[in-house]
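Let me begin by presenting the structure, written as structure tokens, before commenting on it.
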Amino acid sequence: MGRRVVVAIGGNSLITDPQHQTVEDQYLAAAETDHHIAALVADGWEVAITHGNGPQIGFILRRSELSRHELHEVPLDVCGADTQGAIGYLLQQNLINDFHVMGIDKGVVTVVTQVEVDAADPAFTAPSKPIGSFMTEEQAGRRRDEEGWDVAEDAGRGWRRVVASPVPRRIVEIDAVRALLDAGFVVIAVGGGGLPVVTDGEGRLSGVAAVIDKDRASALLAAEIRADLLLISTAVERVALDFGKPTQRWVDAMTLEEARRRLAEGTHFAPGSMAPKI
């Protein structure tokens, strides 16, 4: 086995600003990210790619709600499956095109990935994962009162809908991911943190309404495939203390002890955003 890296692409990093949210805009953002990933492959790295889906799953869920008078609604876990296919397609096609230009003979494959969670996870009663578009506080309050949304302020950037985000316990398709990596493929997996499922007493899987944090799922994947490196791309320049405050300051490196202390202070890293990365 060569050097192995997990590259975790933020769902927000595929949307550069509120004026560039279309599929075409996301395709272009994916292309820029894929250029860097192709360079890693050219340098000899074995690459597994994960991605977030916070904005995208919110868009799909909202479309479903707006069309409920004409069409069936789409459950949240199935919305997640839609994003795994769509975002995987954007990343996969761009990377194949990069390899063609660079003369790299390597396949790219997207794996629909389920991730087991605990049905008793306290996250199901305390929604924290932001999804969808940013709103003003007034708009968020209206959605909460009129449509029953759970909403929260997101790291000083505005208000968003929030959903349950349980801790990932097991990647169901991990053997397939390992086999594909060992066979030389670039593998896109655990999209959106993986499709959240629970297991009943007889070992059968069923989906649940949640969005797993993709950074936690990416860390689990990195451990399972014995990766040498975990890279996380985001929509912000880098990690900051006191993010969004007048006292904000960038951080280039932290010791493990300092990272744990800063995280425990609870004032630096937003839940459902930078905190899971730390």
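The sequence shown runs contiguously to residue 457 in the numbering used here. Beta carbons: idealized from backbone N, C-alpha and C, even for Gly. In this text, all values refer to a predicted model and were calculated from it rather than measured experimentally.
**OP:** Select from G335, K456, R440 and G282 the residue whose C-alpha is nearest the C-alpha of I391.
**Re:** Minimum Cα distance to I391 is reached at K456.
**OP:** Measure the alpha-carbon distance for I310 versus V226 and round it to whole angstroms.
**Re:** Take the alpha-carbon of I310 and the one of V226: they are about 27 angstroms apart.
Subject >> Pairwise C-alpha distance: R182 and E249 >> reply: About 51 angstroms.
**OP:** Output the distance between the C-alpha atoms of G327 and G337, rounded to the nearest integer angstrom.
**Re:** When rounded, the distance between both Cα atoms is 19 angstroms.
**OP:** Flag this pair as touching only if the stretch 421 to 432 and the stretch 374 to 392 have three or more C-beta atom pairs under 8 angstroms; answer yes or no.
**Re:** Touching, no, given that fewer than three Cβ pairs across the two stretches are closer than 8 angstroms.
Original post:
Which residue spans inside the stretch 230 to 254 form an unbroken alpha helix (DSSP H) run of at least 4?
Top reply: Fully contained in the stretch 230 to 254 are the following alpha helix (DSSP H) runs of length 4 or more, in chain order: 233 to 245.
Original post:
What did DSSP end up calling T262 once you bin it into helix, strand or coil?
Top reply: Correct three-state label for T262: helix.
Original post:
What's the C-alpha gap between V376 and L384?
Top reply: Cα-Cα distance, rounded: 6 angstroms.
Original post:
Which partner residues of L409 appear in the DSSP bridge assignment?
Top reply: L409 pairs with V185.
**OP:** From the DSSP output, read off the bridge partner residues of V376.
**Re:** Partner(s): E295 and G386.
Subject >> Backbone secondary structure at R428 - three-state DSSP >> reply: In this structure, R428 counts as strand in the three-state DSSP scheme.
Original post:
Bridge partners of I350, per DSSP?
Top reply: Answer by DSSP bridge pairing, in chain order: V294.
Original post:
How big is the Cα-Cα spacing for A388 and A209?
Top reply: Whole-angstrom Cα-Cα distance: 27 angstroms.
Subject >> Beta carbon of M433 nearer than 8 angstroms to that of A334 >> reply: Not a contact, by the Cβ cut-off of 8 angstroms.
Original post:
Can you give the Cα-Cα distance for F238 and L255, rounded to whole angstroms?
Top reply: Cα-Cα distance, rounded: 11 angstroms.
Original post:
Three or more beta-carbon pairs under 8 angstroms between the stretch 270 to 284 and the stretch 204 to 224, yes or no?
Top reply: Because the criterion of three Cβ pairs below 8 angstroms is met, the stretch 270 to 284 and the stretch 204 to 224 touch.
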